[in-house]
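Engineer: Listed in order, the protein sequences are those of chains A and B. Numbering-wise (our numbering), the first sequence opens with residue 1 and increments by one. Numbering-wise (our numbering), the second sequence opens with residue 1001 and increments by one. Positions of the beta carbon are idealized from the N, C-alpha and C atoms, including for glycine.
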Amino acid sequence: MRSCASLLSIFLFVLVGCGQQGTVDYGFTIRNVSISQAYQSLNVHLQQDMQLSQQAREALEHGVTLIIMLQLELHNDNNMMVVREDNRSFQLRYLPLSERYQLSEEGTDELRTFSRLRHLLASINKLNVQMTTGPLLPGNYELRTRIHLDESRLPTPMQLPAWFSPQWQHDSEWSVWPFEINA
Amino acid sequence: MAFRNKRVRRFVLRVIPVVVALVVLLISLMLVSNVQQDPTRFSQPYVWVLVLTIFALLVVSAAIFHRVITLTRKVREHAPGAMLSARWVRYFLALSLPPVLIVYFFSAYFLTQTVAGWFDVGVEAALADSLELGQQFLENRKLEVRNQVRRLIREIDNPGNDADVVRRALLANVSSAGPIELSVMEADGRMMASANINMLADLPERPGDYALLQALDRGEYAAAEPMADGILRIRVIQRLPFNVPGGQGYLLQAIYPLPESITTLTSQIEKEYHRYQNLSYLREPLKQSFILILSLVLLLTVLLAILAALNVSRKLVTPISKLAQGTREIAAGDLTYEIQGETRDELGFLVQSFNEMTEALTRASQEAEHSRAQLQSQSEYLETVLGGLTAGVLTLDNDQKVVTANAAAEEILGMPSGFFAGQSLSERAEAAPYLAPLANLIRQQTGRGPAEWQREIRLQAHGQTLVLLVRGSRLDKKISYAGGMVIVFDDVTMLNQAQREAAWAEVARRLAHEVKNPLTPIRLAAERLSMKLKNKLGEEDGKMLERATGTIVSQVEALRSLVDAFGDYALGPQLERLPMALDQLIKDVVALYQHEEQRVNFHLKLVNGPPGLSADSGQVRQLLHNLVVNSSEAVADGEEAEVHIRTRLINQAGKKWLEVELSDRGPGYPRAVLEKPFEPYVTFKTHGSGLGLAICRKIVAEHDGRITIHNPAIGGACTTIILPLTQ
């Protein structure tokens, strides 16, 4: 009987999740991207609003590590070819002993702790990314950016509900930022 | 080779999906079995296994749906083996479903209990207490180091803006017991001077904005923080009591390490607490995932069981279906039907036996067909022979029912084709009473008397006498229709008549020859005797002599007339057939009887002519005279005869005929005449010669016509003559 109830709850959860509508106070939005050219690279300064849903906060405080993925794609002017792509993953953890939130970027040794989650999110709301591009020909380019919560990196039992629950949909979708490389 | 490849391809296409489904099933089971070992790490294939499982479910469901639809259609069409196959599937499911469901519910219960068993209130409380203890330790340690930092600040004099002075002061206070690092920074976090117990250490880590703000606002910040190397240390930031002109003041940051044993313990507590919290949080999703996997596994198992049931039932029933189909085909007459695809089991033996049986049936059927063809050929031959016979042939079974009757039999008896089919002669005699003598004869000869017999019988058919020479032979008991009889009969009427006529003609000729010759001398002698003695005798004797000689002469004349009549009868046909108008001839004959002495009233109803009649007018005139005389003499003396003469045209057997019907209202023909109507010397008149009707029949026959007599129901006698007309 309990197993049936559990199974039923999954489908109800999915149904309710799919049917939820209305105002949301969470999600990721890329507000602005400024791009400056450097030596064989681009300095990308991103400004975004990132708020976690109640479920995501609850999961974080219960020891679930959240992965925020920043995706950058550089397209040429005809928009057909990806010149360069760069993915950055930021790991969010909660440390119950010190009651602090920890932010780290995968692939780097950088590790920062915050006493409040909002401080952590505030710190990640402004990101400076150096995107190595190699020599770029003069012309028009587009930088496509996307930042989202990676549900596939959640603990496996949570993945299936996360796919269907809007509470776990944190995705800025792709935004396009054109710029020009001068000779 | 193509056949083999096709079979291999079909085998692969059937087996691979099932193998894939089984692999998915096993992986799912493995995932479920690993639940106690590492529940939070379902491993990455989890999602793919779920997707594959659902895909496998869809594939298997589609296969089952297709098979069920096919089976249902076959059941509705009453296809051979369909009912049996459906019954097999039901039995199979009834046997397999209960244990599967029991295992499912037990496993679900076990999983639920297992997941619930991971969590214990006491353990959770202990972990929380441990964590709180660690936190309390850190708080105490923070309090200690805060006081130490305060004392340190009091010990440091105002160094002014000289960074080297400040660094020397800081170096004098660092120690391995703590602080291990001291640094003075400006309000914005820029380092002025720092000292570390490790001379080779990097630059001091800048505190966070929150820490700086709190230190500036409250004058102090203290917290246990994991440093960049991940090791937990206590960071204390306090405002220095001296300021730089124009600045916001200085901050002193001190980093205190924790004892290694304490660090290890707190790290372990945090790790376990973290893991427990994580597990607790994932409890419901875990249970749901396990139940989902179990449900999918159950569903896949059930569907595979159904599919297996369908396949196994089909495989088991296929030979039986083929046998049933073969039985239907053979029942429908197709003896060449052969069942393909034998197996080596008992069903294969059954199929082989069935094929052998059909081969035997085919051989037997061919032999039977050959025999039947031979029989048919013989029957046709016999029928042809019988059809060619002029004699009538009837075969009867032991119930006297006619088995065969050839065309001659029906023609002789004047019956339509098929008149006797399957009927007994007695039954047929009820429909045609004149067959009664024949039926009686055969009934008398049935079962008694000699095996072969011969009789001559007469049938009165349609006013004519039919003389049959009937020969019978009983069938041998060793053949079919044992107890039956073969009847062969010939129409000997004409032969009989001709023989009689020939005999009578011979009699008449001899009689005429022998009698006519002495008549003249007798008459002359009588006349001479009368003439010689008439004057010599007395008056009385003379009268007696005259009466005697008169009698002799008159009798001689009567004898002459009789002899002449015999002569006419005996003469052969010497006709002069010319076109004639019968109506006029009838009127001429009637005119002879239109005087007062004759008491005959004629009623004529004649067709004109008719054209096409070719006859000897003298013979026809005699024919009419004979008939009119018969009618006029048939009435009693003093009565007037009423004679009706009617002619009409008729069609018989595709020919045109003239029918002449002469009837009167007299007493009719006597029975003896009706039985032998045209027999010479059969007469009903006192002074008749008995040759009138015989001569009439002879005249009509010589004109290729027919004459019949009968007594109508209204009374009197009726004579009907038909004469052929030319086209």
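For a quick check, are the C-beta atoms of Leu1592(B) and Cys1696(B) less than 8 Å apart?
Structural biologist: For the purposes of this step, residue 1592(B) is taken as the residue at position 592 of the second sequence. For the purposes of this step, residue 1696(B) is taken as the residue at position 696 of the second sequence. No; because the gap between Cβ atoms is not below 8 Å, this pair is not in contact.
Engineer: May I ask you to report which of helix, strand or coil DSSP gives Phe1092(B)?
Structural biologist: Translated into positions along the second sequence, residue 1092(B) becomes position 92. Phe1092(B) falls in the helix class under three-state DSSP.
Engineer: Leaving out the 5 sequence neighbours to the left and right, which residues in its chain are closer than 7 Å to Gln40(A) when beta-carbon positions are compared?
Structural biologist: If you number the first sequence from 1, residue 40(A) lands on position 40. Closer than 7 Å at Cβ, skipping near neighbours: Thr132, Thr133, Gly134, Pro135.
Engineer: Bridge partners of Lys126(A), per DSSP?
Structural biologist: The residue labelled residue 126(A) in the question sits at position 126 within the first sequence. Answer by DSSP bridge pairing, in chain order: Gln47(A).
Engineer: Indicate the three-state DSSP secondary structure (helix, strand or coil) for Ser3(A) in the structure shown.
Structural biologist: Against the first sequence, residue 3(A) aligns to sequence position 3. Caution is warranted here: a pLDDT of 45 is assigned to Ser3(A), below 50, making its placement in the model unreliable, and the coordinate value is therefore given only provisionally. Reduced to three states, the DSSP call for Ser3(A) is helix.
Engineer: CB Ile1645(B) to CB Leu1658(B), shorter than 8 Å?
Structural biologist: Reading the second sequence from its first residue, position 645 is the one you call residue 1645(B). Reading the second sequence from its first residue, position 658 is the one you call residue 1658(B). No, Cβ-Cβ distance for Ile1645(B) and Leu1658(B) is not below 8 Å.
Engineer: Quick check for students: name the residue ranges of the alpha helix (DSSP H) that lie wholly in the region 1176-1255 of chain B, counting only runs of 4 or more.
Structural biologist: 1209-1218
Engineer: Tell me, to the nearest whole angstrom, how far the beta carbon of Tyr1669(B) is from that of Ala1717(B); I am working on the premise that it is less than 8 Å.
Structural biologist: Locating residue 1669(B) in the second sequence gives position 669, counting from the first residue. Locating residue 1717(B) in the second sequence gives position 717, counting from the first residue. Indeed, because the Cβ distance is near 5 Å, the residues count as touching under 8 Å.
Engineer: Can you find a CB in chain A that lies within less than 8 Å of the CB of Gly1208(B)?
Structural biologist: Here residue 1208(B) corresponds to residue number 208 of the second sequence, with the count starting at 1. Taking Cβ atoms only, chain A reaches closer than 8 Å to Gly1208(B), which makes this a yes.
Engineer: For the alpha helix (DSSP H) containing Arg1577(B), name the first residue and the last one.
Structural biologist: For this step, residue 1577(B) is matched to residue 577 along the second sequence. Unbroken run through Arg1577(B): none, as it is neither H nor E.
Engineer: Rounded to the nearest angstrom, what separates Gly1715(B) and Leu1624(B) at their Cα positions?
Structural biologist: One-based indexing of the second sequence puts residue 1715(B) at position 715. One-based indexing of the second sequence puts residue 1624(B) at position 624. So the two alpha carbons sit approximately 21 Å from each other.
Engineer: Report the neighbours of Asn1147(B) on chain A: residues whose CB is nearer than 9 Å to its CB, in chain order.
Structural biologist: As a working mapping, residue 1147(B) is identified with position 147 in the second sequence. Here the premise fails: no neighbours, minimum Cβ distance about 20 Å.
Engineer: Pull up the DSSP beta-bridge partners for Gly1392(B), would you.
Structural biologist: Numbered from its first residue, the second sequence carries residue 1392(B) at position 392. Gly1392(B) is bridged to Phe1489(B).
Engineer: Judging by CA-CA distance, which residue of Arg1087(B), Thr1264(B), Arg1283(B), Gln1619(B) is the nearest neighbour of Pro157(A)?
Structural biologist: For this step, residue 157(A) is matched to residue 157 along the first sequence. For the residues Arg1087(B), Thr1264(B), Arg1283(B), Gln1619(B), the minimum Cα distance to Pro157(A) belongs to Arg1283(B).
Engineer: List, from N- to C-terminal side, the beta strand (DSSP E) runs of 3 residues or more that fit wholly inside the region 126-150 of chain A.
Structural biologist: Segments of the beta strand (DSSP E) lying fully in the region 126-150 of chain A: 126-132, 139-149.
Engineer: Closer than 7 Å by beta-carbon distance: list the chain A residues that pair up with Thr1266(B), in chain order.
Structural biologist: Stepping through the second sequence from its first residue, residue 1266(B) is reached at position 266. The answer, in chain order, is Leu97.
Engineer: Taking 7 Å as the limit between beta carbons, can you name the residues of its chain near Ile1457(B), skipping five residues before and five after?
Structural biologist: Within the second sequence, numbered from 1, the residue matching residue 1457(B) stands at position 457. The residues are Pro1437, Leu1438, Leu1441, Leu1468, Val1470.
Engineer: Does any CB atom of chain B fall closer than 8 Å to the CB of Phe114(A)?
Structural biologist: Along the first sequence, one-based indexing puts residue 114(A) at 114. With 8 Å as the cut-off, Phe114(A) counts as an interface residue toward chain B.
Engineer: Determine, for Tyr1256(B), whether the minimum Cβ-Cβ distance to residues of chain A falls below 8 Å.
Structural biologist: Residue mapping note: residue 1256(B) aligns to position 256 of the second sequence, counting from 1. It does not: the Cβ of Tyr1256(B) has no partner Cβ on chain A nearer than 8 Å.
Engineer: With distances taken Cα to Cα, identify the nearest neighbour of Glu1124(B) among Glu1270(B), Glu1675(B), Leu1251(B), Ala1701(B).
Structural biologist: The sequence position of residue 1124(B) within the second sequence is 124, counting from 1. Among Glu1270(B), Glu1675(B), Leu1251(B), Ala1701(B), the Cα nearest to that of Glu1124(B) belongs to Glu1270(B).
Engineer: Quick one: which chain B residues come within Cβ less than 8 Å of Pro135(A)?
Structural biologist: Within the first sequence, numbered from 1, the residue matching residue 135(A) stands at position 135. Within 8 Å Cβ-Cβ: nothing; Pro135(A) doesn't reach chain B, min ~34 Å.
Engineer: For Asp1490(B), which option in Gly1392(B), Leu1013(B), Gln1619(B), Leu1386(B) has the closest C-alpha, if you only look at C-alpha atoms?
Structural biologist: Taking the first residue of the second sequence as 1, we reach residue 1490(B) at position 490. Cα-wise, what sits closest to Asp1490(B) is Gly1392(B).
Engineer: Of all the options Ser1267(B), Leu1111(B), Phe1566(B), which has the alpha carbon lying nearest to the alpha carbon of Gln1135(B)?
Structural biologist: Stepping through the second sequence from its first residue, residue 1135(B) is reached at position 135. The residue with the shortest Cα to Cα distance from Gln1135(B) is Ser1267(B).
Engineer: Check whether the region 1106-1125 of chain B and the region 1283-1297 of chain B are in contact - that is, three or more C-beta pairs closer than 8 Å.
Structural biologist: yes
Engineer: Only counting the same chain, and skipping five residues up and downstream in sequence, which positions put a Cβ closer than 7 Å to that of Asn182(A)?
Structural biologist: Position 182 of the first sequence holds residue 182(A). Only Pro138 meet the Cβ criterion.
Engineer: At which residues does the beta strand (DSSP E) containing Arg1648(B) begin and terminate?
Structural biologist: Mapped onto the second sequence, residue 1648(B) falls at position 648. 1641-1652 is the extent of the beta strand (DSSP E) around Arg1648(B).
Engineer: Give me the DSSP bridge partner(s) of Trp1657(B).
Structural biologist: Walking along the second sequence from the start, residue 1657(B) turns up at place 657. Ile1650(B), Pro1724(B), per the DSSP bridge assignment.
Engineer: If you draw a straight line from the alpha carbon of His1274(B) to that of Gly1122(B), how long is it in whole angstroms?
Structural biologist: Within the second sequence, the letter at position 274 stands for residue 1274(B). Within the second sequence, the letter at position 122 stands for residue 1122(B). The straight-line gap from Cα to Cα measures roughly 16 Å.
Engineer: Could you tell me which residues DSSP puts in a beta bridge with Arg1283(B)?
Structural biologist: Numbered from 1 along the second sequence, position 283 holds the residue referred to as residue 1283(B). In the DSSP assignment, Arg1283(B) is bridged to no other residue.
Engineer: Would you report the Cα separation of Phe1042(B) and Tyr1276(B), rounded to the nearest angstrom?
Structural biologist: Here residue 1042(B) refers to the residue found at position 42 when the second sequence is read from its first residue. Here residue 1276(B) refers to the residue found at position 276 when the second sequence is read from its first residue. Confidence at Phe1042(B) is low in this model, with a pLDDT of 49, below 50, so its placement is unreliable and no value can be given for it.
Engineer: So, is Lys1315(B) buried or exposed, given that buried needs 16 or more other C-beta atoms within 10 angstroms?
Structural biologist: Numbered from 1 along the second sequence, position 315 holds the residue referred to as residue 1315(B). Classification for Lys1315(B): exposed.
Engineer: What does DSSP give as the partner residues of Gly27(A) in its beta bridges?
Structural biologist: Translated into the one-based positions of the first sequence, residue 27(A) becomes position 27. Note: Gly27(A) sits in a beta bridge opposite Gln51(A).
Engineer: If we cut at 8 Å on Cβ distances, does Pro1241(B) have a partner in chain A?
Structural biologist: Here residue 1241(B) is taken as the residue at index 241 of the second sequence, counted from 1. Taking Cβ atoms only, chain A never reaches closer than 8 Å to Pro1241(B), which makes this a no.
Engineer: Taking Trp1453(B) as part of the beta strand (DSSP E), name the residues at either end of that continuous run.
Structural biologist: Locating residue 1453(B) in the second sequence gives position 453, counting from the first residue. 1452-1461 is the span of the beta strand (DSSP E), which, as asked, contains Trp1453(B).
Engineer: Can you find the residues in the same chain that come closer than 8 Å, C-beta to C-beta, to Glu1640(B), ignoring five residues on each side of it along the sequence?
Structural biologist: By 1-based counting over the second sequence, the position of residue 1640(B) is 640. These residues qualify, in order along the chain: Arg1599, Val1600, Asn1601.
Engineer: Cβ of Tyr957(B) less than 8 Å from any chain A Cβ?
Structural biologist: This structure leaves residue 957(B) out entirely; chain B is present only between 1001 and 1727.
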